[in-house]
Each structure stands twice: as C-alpha cells, then as structure tokens.
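Trainee: Pasting a structure here, questions to come.
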Amino acid sequence: MTEFTLNGKTIQYDGDPTMPLLWYVRDLAELTGSKFGCGIAMCGACTMHVNGQATRSCSLPMSALDGATVVTIEGLSTAAGEAVKEAWQEHDVVQCGYCQSGQVMQAAALLATNAMPTDEDIDVAMQGNVCRCATYHRIRTAIHAAAKKLEA
Amino acid sequence: MTRSPTLSRRALLRVTAIAGTGFMIGCEDPSVVDDNTNSASDTNTNIDTAPLTFNHFINISTDDTVTVVVKHLDKGQGVTTGLPAIVAEELGARWDQMRWQYSPADSTRYNNLFWGPVQGTGGSSSIANSWKQLRTAGAAAREMIINAAAKEWGVPATEITVSNGKAQHSSGKTASIGELAIAASQITPPTEPKLKLARDFKLIGVNASGKLPRMDSKEKSTGTAQYTIDVKRPNMLSAVMAHPPLFGATVKHVDDTKALQIEGVEHVLTTPRGVAVVAKHHWAALKGREALTIEWDDSAAEKRSSDELTAYLQKVVSEPMTAVREEGDIKKAFNESSKTIEMTFDFPYLAHATMEPMNCVLQLKNGECHIWTGSQVPTLDVGTVAAITGIPPENVHLHVQFAGGSFGRRAVPDSDYVAETAMIAKALGKTNPIKLQWTREDDMLGGRYRPMAHHQFQASLDNKGNLTGWHQRATAQSILRGTPFEAMISGAVDDSLTEGGKQLPYSVPNITVEAAEAEIGVPVLWWRSVGHTFNAYSTEVFLDEIAHASQQDPVELRKKLLTKHPKHKKVLELAADKSNWGSALPSNTARGIALHESFNTVVAQVAEVTLNGDGSYRVNKITCAVDCGIAVTPDVVKAQLEGGIGYGLSATMGEAITLKEGRVEQNNFHTYQPLRINQMPEIDVHIVESNEAPTGVGEPGTPPAGPAVANALRALTGKAITQLPIGPSVTT
Ligand code: FES
Ligand code: FES
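Following this line, the structure appears as structure tokens:
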C-alpha cells in the first residue's frame, strides 16, 4: 500500500508497484493535463511536482511515492505557477501545446527556487523539456516576464 | 491567385481554383456542428444554444458570440486563430466575441479548395485556400446583418455599417450583431457579397492596431486542451501494437500465453499490421506486449544498412536520369568553362517525432464508426476505415482533436495508425471504443520518414568568374509511388525529389536538373516542407561554394543572379539589411545566408554562428525575412517562422535515422536528438508588407535554416558541409 497526496487529495494505492506515476495519474486518476512523450525521462512532457521538485512522472514507479506530495498542472496554484501560466498566454508561447504542461511545471519549479533566472539559468533548467514546435524562443521570454510579474 | 506547379503534388486529387467552388450561403441546420469533445474550454464553445447559422462556416448567436467552423486541423500552426480572424475582419466583429469549432469530416462542404474534393490540412495551405472563402462568408453575413437592420429601422442599407460587433446607422442608431441575428437569418443571402478593401482592414495584416491573441493559448497553457491521448469514452480499452522489427516483415507465429496472464490484459489480436494487446489501461497493455513471444517472417523485408543505402543512392546518381528542367546547353557551358566546381550531398532519413506519438480512438457500434484523432486528411482516414470495416463512409464519423504536432506525419496515404485501430476494433468484434497509443519507440521505429537523398552538383564559370552552367542530379525515394496517389505524379519522376531545386530562381544561362527515383523498402512521407528540405540545403550551400570560388560576397552574388525575381531580391535584401550583413564580427563568428521559396512564400535567413576552438559551434541568431502575402495574424506568422526555423535547425544539427541490417538504430530522444532550448538561437522575423493574397507559413521557415547555418560555418572553416546532420562539432 502506497499513500500519498495528489493535488491535495489523499490517495491509497495498492496496485502494480511498477506502474509509473504518469499512467496512474492519466489512466486511473483521470487527470490528463500531464502528457506522455517518451517514457524514459528524456522529454519532460510528463513533468509533475513531487515534493516540490520538477519530476519526470513517466519514470517514477508508484512504489516510490509513499508519503509524497504530488502536484500536476491541474493542481498548480502557487504564485510562480500562476505567473507562468499568465506569461505563457500573454506571449502566446504555445503552438501545438502538447509539451506545454511540462514546460509550465518546469518553469514554475525554476521560479520557485530562482526568482530572477538568467538566460543561462533558463537553459540549464529547461533543457530537459523538448518542444518539437520549437517554441523555446518564447519560453525564454515568458519566463523572464513571469519573473518580473512575481517581483512586482 | 496563381500557384506554383510544385503544389499540385500535394494537391491530393486535383487543383481547383478558389473562385467558383462550393461556397454556399443559406440557413442550415446547426447540427452541421459536430458534437465536439473539445468544447471544455471557454474559447471553444459548445454550440448548444442553437445559434443562427449564416452559412456553413459562421454561426452568430443571440448571445453575441460568433463561432467560426474550422475545416482544418490545428497541429500548432494557429488555424483556430487565423481562420476566425479572416471572418472577424469581413464581418466587422470584435475579437473577443469570436469563437471556433472544428467542422465534421465532410469533403463536400469542408474540402481544401486546393485539393479538390478532399478535406485536409497540409502544404501550408490552410489560410491560403480559405482566404477568399471565409472573406466571402464573413462579407455575406455582414450584408445580411445590414439588410436586417435596414428593414427594422426603415432606413436604406447603404447608410448602415458594421464594426466592433455592431450595426450602426448614420442617425446614431446601433444594434449588436447578436441582437440582429434572428432577423438577419431571414434575409436572402447575397450571391456576390462585396469584400472589404485591404486598406480598410482593421484586425489583420502587419498594420493592424494590435496583436490578436491566439484563441487556444489558455487551454494549451493550463493543461486543459484535449488531444487524442486524452479522449475518454465509456468502456474504452487501451491497445498497443507489436510491430514487425523490420520493414516488410509479417507475423509468423504468436505465443500470447504469458501476456494474457498479466493483470488488466484482456485480448491479444493478430492483425495485418502486427499483434495488438488490448487491456484495461495503457500500462497493462505495455506489460502484456513485453510478455508476447512473436516469430516474424522477414523473407520479404528490407535488410540493408545505411552505408549500403548511401552507396546505392550514389549508384543511382551515376546512372542515366530524367531531366526535369533543361535550359541552354549545359555540355557547351562546361566545355567552354574556365573553371568547374563539383559537390555531392548526402541526406539521412528523418523522423517527424511529433511530441504526441501517433494515436487514435475508434468505436464500432450498430453499423456506425466513430473516430477521434488529430486527422490531417479526414477524407483519407474516413475512406480507409470504411474500406477496412465495410461501413459506408457516411456512417464513419470523425471527431477531430488537437494534434500534438504533425509536420506531415498525420497525413498518411494508408492512414497507418488509424487503420491499425480499425483493424483492432474489427478483430475484437465488440462495441468498446479502442484507444491505440503508440509509444515513442513505436513512433520512431514506425517508418514514414523524410527520405534519404543523394545530390550531385556541377557548376561552370567563365573566365570572368560568371556562373554559366548549373547541373543538379538528385535521387531519393518517391513519396507518392505505390500509394493511392500515384496518379498525381505528373511527369516521369516524383516532383518531391527536385522541388525547390527545379525552380532555382537564379539566372544561369545553362541549367539542367535531373532526377531518378530510388527504390528502398523503408516507408517515407512528407516532412515539414517535403523535398524543399534537401533541395534548399544543397542548392544554397552549393551557391556559396560558387561565391567563394569566384570571390564574391554571397549576398552580392545572389542579388546579381536574381534579375528575374524582384520579390526574392527584396526579401534577400531585407534579411541582409536587418542582420547588418557585412558589419564586423569577432574573428570566430560569421554570418551565412540562405534564400528559398516554398509554398509560394519567399524566405531569406541570415545565421550568425560562433565557432569554438574545439570545433563546437553555437548558432547565436537567425534574422529572417518573409514575403507571405498579407500576414493575416502577424504574430502567428512570426511564431510559425520561429518554429519552422527551430525544426530546420534541429534536423540539420542533430537528427538522423540510420539502419543496421534493416533495423532502425534510433528509438527515442536519447539517440534521436532534437533541438533543445540551450541550442535555440535568438530569432528576429521581419514580414514584408503586402496586400497580396496570403501564402503558406507553416513550412517555408524550415528549408533556409540549415543552409544559412552551414554557410556561416563555411565562412569560418573554409569547408562546405555536405553530409547531414552536422553534429555537435565541425572539423576546423
Ligand atoms: S514522458 Fe516523461 S520525460 Fe518524456
Ligand atoms: S508546443 Fe508543440 S511540442 Fe511544444
């Protein structure tokens, strides 16, 4: 039995311990904002916050979650999260949008620990998140804009 | 408007002029609007409120919302913003009252006007083919609103205008278009509504007063946008497919004993395309697939390796080919030349690698079929499913979903993953909806690549250094040969081999372009800008070699050769100017330029690249100029250029699919390396002001990016890059 919280709700899980968190959240908890892109922690589409850390949920088995706090894009409501979501819309970052839940979660985690990231900080924090539409240019701009919003 | 002959290859059946096609005005049943599973968000309203349908593209509701029926797939290119913008402009609506809704699959009303009776999205044609159609629809609705107001107010229609979502009379009387909707729906639709003049445009074009925010930004920034992977239906089952490990192999024997013991696995089904595992959820299906033991028959499979294929392509180029362009006398030019330059190029297979791996949800019930997928060509997918299931096409209902990228991948002649889902549902023989989800590995190993190609070039210069002869010989697999669209190949050779090479815009007195199709058992497909991907690269890199050999500045040489193409010249000059071409840079940094027309849009790019001592390099900046006719939503145009450039850089710098004894060697993002944020340059896009009809922007940003970077590296190292990808470093 694994007990953890998902977006503030307590979950007791006693199914297949090897099931990745991503598939539990998508198929069993029916929260589909987090996406599947690679399954091997190489693209970031599945990024959730686990105990506050941006985490690749496709590669985290349910057995590792005992006592954990899990937040998905549906539950993202921190100041940084809100600022990121707003900046994303103001700069029309999205194209197909499929990678963007993961990008937003990663960016929110970055701003939670680094209030005013430089371009280099952004490169380091965001390079695990692939965007095949190559919206990187606007992601950078929007993260800077979100940082400014939070400062104000 | 005129269209270049290159488009006809992608025009699936035949090219139809915009004018005179089936634009119908008339009050129709609002049920034309599909029950759309995408309606959760506030920008994508479910039309339950029975709005008044002014024609089959526009619904005006009494609550003052205007919903545009979008006949094209959004795969990121922004059609759900661009198409409503055209209507809003002609109608005189406010942007905040605009909504959108996907159309149902219906090739009679929602066909792509460039493709004849086929509904589909591709060839960078969504805005271009809809331009006049939606302007006419918007203008007709505007005239009906005006006539309704004239009747109600008892004034002449000529004294009424519509703007900001309101009809206004010169006396000061106003009414919103929603208030007039019921009365307007009683008006006989005009047959030839008068379109606005370009100078009166307020919402669209580069001079519009402000940016029109994307309609889909909110749902895609907050995780609520729904893609195929997110579709949920009652009693739905998850499926994965075990595909043959070699292209052309088939199933010989399956042992499913262990798979069926896995908790959650319900069925193992053998289909003509592989072995399907059907389970309660995706993870169980994956575990079931791992437990299968399958014997494959690979007697007819493609078993060559990449180096053998390269040698084979080189052999094809050394043999007689078909001339697709011949001007002047190339033999004479070479005989009389004082210098000749030669170069060959090798291009690898490329995967589309959309972020959302291919997927489809499909249900067979009561003699009807429902499909949920991000379909680029609904007419094709519906037809394929009808053929597999025996259900007549009119009973196959397609519910279009947002696509997590496509780049051409979701327009497949045999509808591969959609066909698979239909095969699984048919083999299952039950009414459960089936969600087939490919893994990244399935997607990357699944074929349908941008073809490998080999190009050979020769140029002749006279004793003054003038370019007198240009000879290109190209080979690659045909995309259309052996598919239901083979009849579209107009000459002896598939146009994709030389598109963009054949149309070389430079004035050279003697030009020959030749091609021959290669035959390889690896399935190929159009990939963002198709044949332009390799032809832009080879022609523009070779031209820089000529510039260096004749000691001319690459921009000056191009200008000199563009005597017959003033539009190209203007775009080239704009990019050069905005990039400060010619100004001093640090010694380890250089600029490179490339110019290319595709899908009737001309793009020039200047790359600024820094080379490090260890041979690694960084693309600092790309300055891009584009002439795409009127830019309907300029910020979306810019986004498409930015993304197209990123896609081109990604392929040029890092991507290749290679084969070893027929097996693909890259199966996920650790071995197939996409561009990441730390490699993304600054991008500066400049749009040429224009009142011409809009041309495509989804693809044209991609072709010039690679050669612009290669030409900058050429300036730094003195060596042209003739094999792609470049990789993380170059030899200095
Ligand atoms: S799906 Fe988890 S990192 Fe790609
Ligand atoms: S927006 Fe399409 S993959 Fe990022």
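First to last, the sequence lines map onto chains A and B. The opening position of the first sequence corresponds to residue 1 in full-length UniProt numbering, with each subsequent residue numbered one higher. The opening position of the second sequence corresponds to residue 1 in full-length UniProt numbering, with each subsequent residue numbered one higher. Ideal placement from N, C-alpha and C gives every residue a C-beta, glycine not left out.
Compute the minimum distance between the beta carbon of A:R140 and the heavy atoms of ligand 2, and state whether it is under 8 Å.
Mentor: For ligand 2, not one heavy atom lies less than 8 Å from the Cβ of A:R140.
Trainee: Is DSSP giving B:P725 helix, strand or coil here?
Mentor: Note: B:P725 maps to coil in three-state DSSP.
Trainee: Within the same chain, show all residues whose beta-carbon is closer than 8 Å to that of B:R714, passing over the 5 residues directly before and after it, in chain order.
Mentor: Here the set comprises V541, D544, E545, H548, G592, A720, I721.
Trainee: Closer than 9 Å, Cβ to any Cβ of chain C: which residues of the segment 436–453 of chain B, in chain order?
Mentor: Of the chains in the structure shown, none is chain C; the protein chains are A and B.
Trainee: Count the other CB atoms, across all protein chains shown, that sit within 10 Å of the CB of B:P484; report buried if there are 16 or more and exposed otherwise.
Mentor: Per the 10 Å Cβ criterion, exposed.
Trainee: With 16 as the cutoff for other CB atoms within 10 Å, does B:D63 come out buried or exposed?
Mentor: Exposed, by the Cβ-count rule.
Trainee: Specify the secondary structure class of B:Y110 as computed by DSSP and reduced to three states.
Mentor: Of the three classes helix, strand and coil, the one that applies to B:Y110 here is coil, per DSSP.
Trainee: Does the contact criterion of 3 or more C-beta pairs under 8 Å hold for the segment 629–645 of chain B versus the segment 78–86 of chain B?
Mentor: The segment 629–645 of chain B vs the segment 78–86 of chain B: in contact.
Trainee: I want to check one thing, is the minimum distance from the CB of A:R132 to the heavy atoms of ligand 2 below 8 Å?
Mentor: Yes.
Trainee: Tell me which residue opens and which closes the alpha helix (DSSP H) that B:T421 is part of.
Mentor: From DSSP, the alpha helix (DSSP H) with B:T421 extends over 416–428.
Trainee: Identify the residues that DSSP records as bridge partners of B:Y227: which are they?
Mentor: Beta-bridge pairing links B:Y227 to B:F402.
Trainee: Using a Cβ-Cβ cut-off of 9 Å, state whether A:Y136 counts as contacting chain B.
Mentor: Yes, A:Y136 lies at the interface with chain B (some Cβ there is under 9 Å from its Cβ).
Trainee: Bridge partners for B:A459 per DSSP, in chain order?
Mentor: According to DSSP, which records beta bridges pairwise, B:A459 is partnered with B:I341, B:W470.
Trainee: Any heavy atom of ligand 2 inside 8 Å of the beta-carbon of A:C58?
Mentor: Outside the cutoff, so no.
Trainee: Decide if B:M98 is buried, meaning its Cβ has at least 16 other Cβ atoms within 10 Å, or exposed.
Mentor: Counting Cβ neighbours within 10 Å, B:M98 comes out buried, since at least 16 surround it.
Trainee: Can you tell me whether A:T78 is helix, strand or coil according to DSSP?
Mentor: Three-state DSSP puts A:T78 in coil, outside helix and strand.
Trainee: If you follow the alpha helix (DSSP H) that B:E152 is part of, which residue opens it and which one closes it?
Mentor: First-last of the alpha helix (DSSP H) with B:E152: 126–153.
Trainee: Whose Cβ in chain A lies nearer than 8 Å to the Cβ of B:G643?
Mentor: Here the neighbours are Q95, C133, A134, T135.
Trainee: Please list the partners that B:P674 has in chain A, where partner means a Cβ-to-Cβ separation under 8 Å.
Mentor: Those within 8 Å of B:P674 in chain A are V130, R132.
Trainee: State the DSSP-derived secondary structure class of B:W296, mapped to helix, strand or coil.
Mentor: Residue state, collapsed to three classes: strand.
Trainee: So for B:Q97, helix, strand or coil by DSSP?
Mentor: The answer is helix: DSSP assigns B:Q97 an H, G or I state.
Trainee: Spell out whether any CB of chain A is found under 9 Å from the CB atom of B:M680.
Mentor: Closer than 9 Å: yes.
Trainee: How many Å lie between A:P17 and B:S375 at the Cα?
Mentor: C-alpha separation (whole angstroms): 36 Å.
Trainee: Considering only DSSP beta bridges, list what B:G274 is partnered with.
Mentor: In DSSP, B:G274 forms a bridge with B:T271.
Trainee: I'd like to check one pair, B:A276 with residue 751 of chain B: are the Cβ atoms closer than 9 Å?
Mentor: Here chain B covers residues 1 to 732 and nothing more, so residue 751 of chain B does not appear.
Trainee: Under the three-state reduction of DSSP, which class applies to A:P17: helix, strand or coil?
Mentor: Coil.
Trainee: With 16 other CB atoms within 10 Å as the buried threshold, where does B:R199 fall?
Mentor: Per the 10 Å Cβ criterion, exposed.
Trainee: Indicate whether at least one CB of chain B lies closer than 9 Å to the CB of A:D121.
Mentor: So, not an interface residue.
Trainee: Please classify B:L197 as buried or exposed, where buried requires at least 16 neighbouring CB atoms within 10 angstroms.
Mentor: The residue in question, B:L197, is exposed, as its Cβ has fewer than 16 Cβ neighbours within 10 Å.
Trainee: Within this structure, are the beta carbons of B:M423 and B:T658 separated by less than 9 Å?
Mentor: No, these two residues do not count as a Cβ contact at 9 Å.
Trainee: Can we say the segment 332–351 of chain B touches the segment 206–223 of chain B, given the rule of at least three CB pairs closer than 8 Å?
Mentor: At 8 Å Cβ cutoff, the stretches do not touch.
Trainee: Skipping 5 residues on each side, what residues in its chain have a beta carbon closer than 8 Å to that of B:I25?
Mentor: Since pLDDT at B:I25 reaches only 23, below the 50 mark, its modelled position is unreliable, and no value is offered.
Trainee: Strictly below 8 Å CB to CB, what residues from chain B border A:P117?
Mentor: Correct list: empty, because the minimum Cβ distance to chain B is about 12 Å.
Trainee: Can you tell me the Cα-Cα spacing of A:A152 and A:A54, whole angstroms?
Mentor: Taking the straight line from one Cα to the other gives about 25 Å.
Trainee: Please list the partners that A:L111 has in chain B, where partner means a Cβ-to-Cβ separation under 8 Å.
Mentor: By Cβ distance, chain B contributes nothing, its closest Cβ being about 15 Å from A:L111, past 8 Å.
Trainee: Give the single residue among B:N147, B:H282, B:W131, B:E152 whose Cα lies nearest to the Cα of A:R26.
Mentor: Ranking the options by Cα distance to A:R26, first place goes to B:H282.
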